[in-house]
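For the sequence shown, the residue numbers in this note's numbering are 6 to 512.
Idealized CB from N, CA, C, for every residue including glycine.
Model, not experiment: these values are computed from the prediction.
Comments concern the structure below.
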Amino acid sequence: MQTKQYNQTCSGEAMKTLEQATNGNETNSLYRLLPSIGDLLLTQPFAAMLQSHSHDAVVQAARAVLRRMKEQVTAGKYTHASLTHRLDSLDSDIAAELIQNASYSLRRVINATGVVLHTNLGRSPLSQAAIDHIAEVAKGYSNLELDLESGERSRRDVHAESLLLRLLNLKSGTQEDTPSRRAIVVNNCAAATFLALHSIAEDAEVIISRGELVEIGGGFRIPEILAKSGARLREVGTTNRTRLADYENAITPETGLVLRVHQSNFSMEGFTERPALSDLISLCKSHGVPFFDDQGTGLVMPLDELGIRAEPTLTGSYSLGSDLMAASGDKLLGGPQCGLLIGRADLIERIRKNPLFRAFRVDKLTYAALEATLMDYLLGRQNAIPIMRLLHIPPAELAERCKRLVNQITSAELSAEVVPALSLIGGGTAPSARLDSWAIALRHAAVQPQSLLFALRQLNPPIIARISEERLLLDLRTVEPEFDSSLPSLLTQAARSSVGAREPGAS
Ligand SMILES: *Cc1c(COP(=O)(O)O)cnc(C)c1O
Numbered sequence: 006m007q008t009k010q011y012n013q014t015c016s017g018e019a020m021k022t023l024e025q026a027t028n029g030n031e032t033n034s035l036y037r038l039l040p041s042i043g044d045l046l047l048t049q050p051f052a053a054m055l056q057s058h059s060h061d062a063v064v065q066a067a068r069a070v071l072r073r074m075k076e077q078v079t080a081g082k083y084t085h086a087s088l089t090h091r092l093d094s095l096d097s098d099i100a101a102e103l104i105q106n107a108s109y110s111l112r113r114v115i116n117a118t119g120v121v122l123h124t125n126l127g128r129s130p131l132s133q134a135a136i137d138h139i140a141e142v143a144k145g146y147s148n149l150e151l152d153l154e155s156g157e158r159s160r161r162d163v164h165a166e167s168l169l170l171r172l173l174n175l176k177s178g179t180q181e182d183t184p185s186r187r188a189i190v191v192n193n194c195a196a197a198t199f200l201a202l203h204s205i206a207e208d209a210e211v212i213i214s215r216g217e218l219v220e221i222g223g224g225f226r227i228p229e230i231l232a233k234s235g236a237r238l239r240e241v242g243t244t245n246r247t248r249l250a251d252y253e254n255a256i257t258p259e260t261g262l263v264l265r266v267h268q269s270n271f272s273m274e275g276f277t278e279r280p281a282l283s284d285l286i287s288l289c290k291s292h293g294v295p296f297f298d299d300q301g302t303g304l305v306m307p308l309d310e311l312g313i314r315a316e317p318t319l320t321g322s323y324s325l326g327s328d329l330m331a332a333s334g335d336k337l338l339g340g341p342q343c344g345l346l347i348g349r350a351d352l353i354e355r356i357r358k359n360p361l362f363r364a365f366r367v368d369k370l371t372y373a374a375l376e377a378t379l380m381d382y383l384l385g386r387q388n389a390i391p392i393m394r395l396l397h398i399p400p401a402e403l404a405e406r407c408k409r410l411v412n413q414i415t416s417a418e419l420s421a422e423v424v425p426a427l428s429l430i431g432g433g434t435a436p437s438a439r440l441d442s443w444a445i446a447l448r449h450a451a452v453q454p455q456s457l458l459f460a461l462r463q464l465n466p467p468i469i470a471r472i473s474e475e476r477l478l479l480d481l482r483t484v485e486p487e488f489d490s491s492l493p494s495l496l497t498q499a500a501r502s503s504v505g506a507r508e509p510g511a512s
């Protein structure tokens, strides 16, 4: 074996090493066992690596592996014998490092959590039309900011605006011949909310119920966003009850707007009260104060069919005449990450004129995906939008898939059974709603569910599952059927690798 070559050239050193070790200077001598990059590159395995990888890439990989080994030597992890043994596999370690260096950090994963809108897993998958439109627009130049009719420069937001307004008019049965409302798109709903407050209510009071001073995931806190926007918080009511009169009594010439925030990620039960959206909108209209609805989910059609009642829709807020609305593009709308701002033409114009709008604007790929998603709705292809399809899969279909897959799991170490499960919508939507689903429950003959969970994440593609009652659950609602054919062998592979694998979190 050629790999041994540098060991041999090191053997003189190694002899010295032994002497020094007995002199209590073992670590120093172990360093000398580590080959130099130059020597390494001359050995046969590296000649092979250099055939398929650039010189720089091989050197970088070799340096990284040697650096880690050196750190382990410093940490006292090796004896002379164990390091010599370890160096035998140096070339394969470096080859593995090369492959690792050439693979993406952001990867497709299999979501078996049953959480349909999982923020950690990228929220909504995109429709085929959205993917195709992104690819088409990305491939070449586009009319992003060019009016093809006049040949003049135009605004990038025209692309989504007309589709969005057409969709809202269609689904709400509103007829607006001369559109009195406009729409713009920013990075996400958090940016949309901030920009709206900053543009409309800087140095003015924003009236909000104490029940809506919420935190919406990842440190987005309404009071902090309000403070940053330069608006002054005017809280009314109590945590559990706020009445229309509370709002009315707080309206003064200082009022910049009235803000309603969808209490999306928690539910309140019991002695609670909140004015109807329509009453709040009428109140604001009669006082000439703009009403801003941070609607959040972007839901187009109600979810009553799923037994989820009273989940507010963007369409509903639009038809009731909210002056301004903000919503996420990648929650229940099922599109790309973005923030939609829809509202009165004069308010949208003020937001557009805000210099910060430029800092929050989105790129052509987002417009492409958003436009295609909106078109799916407009053309009645709601089922082509993955989020809508996943939410509406009949439980019987999931049970059928589970049974088929369980029969294909041949691993002797795994016991698998089909069990009822409850999927969550997630993404801060209808937190108390549960969707009937079916899952594959796995138990390993020898290892804890935690270890199996870890092994599943190390697969390619990684499988993200959850543990319930000491077993691993794979809820099939969120697993795309395209993975069904590879799932049994992936599970077998994880069952095998979880035996004797390091425990998650262990070093
Ligand atoms: C999710 C949500 C936000 C934040 O939206 P992002 O698109 O994640 O920035 C803001 N407000 C409400 C009501 C939400 O539900």
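For the alpha helix (DSSP H) that contains residue i, what are its first and last residues?
i	result
Glu157	That residue, Glu157, is in no alpha helix (DSSP H); it is neither H nor E in DSSP.
Ile347	From DSSP, Ile347 is part of no alpha helix (DSSP H) but of the beta strand (DSSP E) over 344-349.
Thr201	Reading the sequence as shown, one finds Ala at residue 201 and not Thr. Taken as a continuous stretch (DSSP letters only), the alpha helix (DSSP H) holding Ala201 covers 194-206.
Arg73	60-79
Ala389	Ala389 -> no alpha helix (DSSP H), and no H or E assigned at all.
Glu253	249-255
Ala143	133-144
Ser234	227-234
Ala107	It is not in any alpha helix (DSSP H) - Ala107 carries neither H nor E in the DSSP assignment.
Thr378	369-383
Val411	400-413
Pro360	360-365
Phe459	454-462
Leu35	31-36
Gly321	319-325
Leu88	85-92
Look up residue i in the DSSP assignment and give the residues it is bridged to.
i	result
Pro425	Trp443
Asp489	Answer by DSSP bridge pairing: none, since Asp489 is not bridged.
Arg279	None; Arg279 has no bridge partner.
Glu240	Ile213
Asn116	Ile469
Arg265	Asp298
His449	Leu419
Thr434	Gly431
Thr48	According to DSSP, Thr48 bridges with nothing at all.
Glu220	Arg226
Thr260	Glu210
Arg501	According to DSSP, Arg501 bridges with nothing at all.
Leu151	Arg158
Arg128	Bridge partners of Arg128: none, in fact.
Hey, quick one: how far does the beta strand (DSSP E) through residue i stretch, first residue to last?
i	result
Ile189	186-191
Gln300	296-301
Met330	329-333
Ile472	471-473
Arg479	In the sequence as presented, Arg is not what sits at residue 479; that position holds Leu. Element bounds for Leu479: 476-480.
Tell me whether residue i counts as near ligand 2, meaning its Cβ is closer than 7 Å to at least one heavy atom of that ligand.
i	result
Thr318	No copy of ligand 2 appears in this structure; the ligands present are ligand 1.
ask   = When a residue counts only if its C-beta is closer than 5 Å to some heavy atom of ligand 1, which residues count, in chain order?
value = Close to ligand 1, as judged by a C-beta nearer than 5 Å to any of its heavy atoms, are the residues Asn193, Cys194, Ala195, Ile221, His267, Ser269, Asp299, Gly301, Ser333, Gly433, in chain order.
task = Inspect the CB distances between the stretch 163-179 and the stretch 187-204 and report whether three or more fall short of 8 Å.
result = Taking a cut-off of 8 Å for Cβ pairs, the stretch 163-179 and the stretch 187-204 touch, as three or more such pairs fall below it.
query = Does the pairing of the stretch 443-463 with the stretch 475-486 give three or more beta-carbon distances under 8 Å?
reply = Short answer: they touch.
task = Determine contact between the stretch 455-474 and the stretch 143-161, defined as no fewer than three beta-carbon pairs at a distance below 8 Å.
result = The stretch 455-474 makes no contact with the stretch 143-161: fewer than 3 CB pairs, one atom from each, lie closer than 8 Å.
key: At least three beta-carbon pairs within less than 8 Å, the stretch 230-246 to the stretch 399-416   = The stretch 230-246 vs the stretch 399-416: no contact.
inquiry  = Contact between the stretch 387-396 and the stretch 69-85 is defined here as three or more beta-carbon pairs at a separation below 8 Å; is this criterion met?
reply    = Because the criterion of three Cβ pairs below 8 Å is not met, the stretch 387-396 and the stretch 69-85 do not touch.
ask   = Do the stretch 127-138 and the stretch 365-380 touch if we need at least three Cβ pairs shorter than 8 Å?
value = Contact between the stretch 127-138 and the stretch 365-380 is present, with at least three C-beta pairs closer than 8 Å.
Validate contact between the stretch 251-264 and the stretch 207-221 using beta carbons, cut 8 Å, 3 pairs = They touch, by the three-pair rule.
ask   = Are the stretch 310-324 and the stretch 102-113 touching, with three or more C-beta to C-beta distances below 8 Å?
value = Inter-segment contact for the stretch 310-324 and the stretch 102-113 is absent: fewer than three beta-carbon pairs are separated by less than 8 Å.
key: Cβ contact check for the stretch 174-183 and the stretch 336-348: 3 or more pairs under 8 Å   = Contact fails between the stretch 174-183 and the stretch 336-348, because fewer than three Cβ pairs, one in each stretch, are under 8 Å apart.
query = Within the chosen definition, does the stretch 191-198 reach the stretch 325-342 through at least 3 CB pairs nearer than 8 Å?
reply = Contact between the stretch 191-198 and the stretch 325-342 is present: 3 or more CB-CB pairs across the two stretches fall below 8 Å.
Cβ contact check for the stretch 407-415 and the stretch 276-294: 3 or more pairs under 8 Å = The stretch 407-415, when compared against the stretch 276-294, does not touch it at the 8 Å Cβ threshold.
task = Report yes or no: do three or more beta-carbon pairs, one from the stretch 449-464 and one from the stretch 426-441, lie closer than 8 Å?
result = Counting Cβ pairs under 8 Å, fewer than three are found: no touch.
ask   = Given 8 Å as the limit, is there contact between the stretch 72-81 and the stretch 34-42, that is, 3 or more CB pairs closer than that?
value = The stretch 72-81 is in contact with the stretch 34-42.
task = Give a yes or no on contact between the stretch 315-328 and the stretch 284-301, applying the rule of three or more CB pairs nearer than 8 Å.
result = Put simply, the stretch 315-328 touches the stretch 284-301. At least three CB pairs are less than 8 Å apart.
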